[in-house]
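Asker: So for the sequence shown, my numbering puts the first residue at 95; every next one is plus one.
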Amino acid sequence: MTASIPIRPPCPPGVCDCGRDALLQTPGSDLRILCLNRQEEKRLLERLENIQSLDELERLQQRLFENLGVRVTIEPGHNEVRTMRGIAIEFQEQPGLCRKIRQSIPAAIRRGLEKRPEIAWRLLDSRDLFGGG
95 MTASIPIRPP
105 CPPGVCDCGR
115 DALLQTPGSD
125 LRILCLNRQE
135 EKRLLERLEN
145 IQSLDELERL
155 QQRLFENLGV
165 RVTIEPGHNE
175 VRTMRGIAIE
185 FQEQPGLCRK
195 IRQSIPAAIR
205 RGLEKRPEIA
215 WRLLDSRDLF
225 GGG
């Protein structure tokens with residue numbers, strides 16, 4: 095007995111380039127990303143906006159990968175970092191990852207870093223930008 099997993103409704107035609115339909119038609123494809131419905135997306139964004147530490151942010155990155163197959167990298171940008179916009183937040187290319195989600199997750203992370211700039215400082219320090227040598 096198999097229960098069907100509720101999946102996200104399709105984006106309006108011509109608005110998104112996520113490849114949802116092609117993903118659904120490909121046998122054996124990873125459909126976990128399609129389980130991120132609006133309610134779950136809101137919970138995720140709220141959680142990202144209210145991060146309390148770099149460790150928590152890294153755990154959320156790991157959980158995104160484990161639960162949805164989404165790999166997000168967060169690191170200092172190539173140029174100097176003067177604001178939270180200088181921190182690069184990028185997604186690994188993945189079918190089914192909606193354009194809206196590719197925009198809302200980095201925005202939520204940046205809002206969380208703006209609320210707690212010490213997390214951004216720890217991120218920079220972990221990449222040895224504040225270290226000597």
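Where a beta carbon is used, it is the ideal one built from N, C-alpha and C, also for glycine. A quick note: this is a predicted structure, and the numbers were derived from the prediction, not measured.
Taking all protein chains shown into account, do 16 or more other C-beta atoms lie within 10 angstroms of the C-beta of residue 106, making it buried, or fewer, making it exposed?
Answerer: Looking at its Cβ environment, which holds fewer than 16 other Cβ atoms inside 10 Å, residue 106 is exposed.
Asker: How long is the line joining the alpha carbons of residue 103 and residue 200, rounded to whole angstroms?
Answerer: Distance between the alpha carbons of residue 103 and residue 200: 22 Å.
Asker: So, at 8 Å on beta carbons, what are the nonlocal neighbours of residue 115 in its own chain, with the 5 sequence-adjacent residues on each side left out?
Answerer: Excluding positions up to five away in sequence, the list reads 104.
Asker: Three or more C-beta pairs closer than 8 Å, one from the region 123 to 137 and one from the region 181 to 195: is that the case here?
Answerer: Touching, per the Cβ criterion.
Asker: Under 6 Å Cβ to Cβ from residue 145, same chain only, skipping five residues before and after it: list those, please.
Answerer: Once the five neighbours on either side are set aside, the close Cβ partners of residue 145 are 151 and 206.
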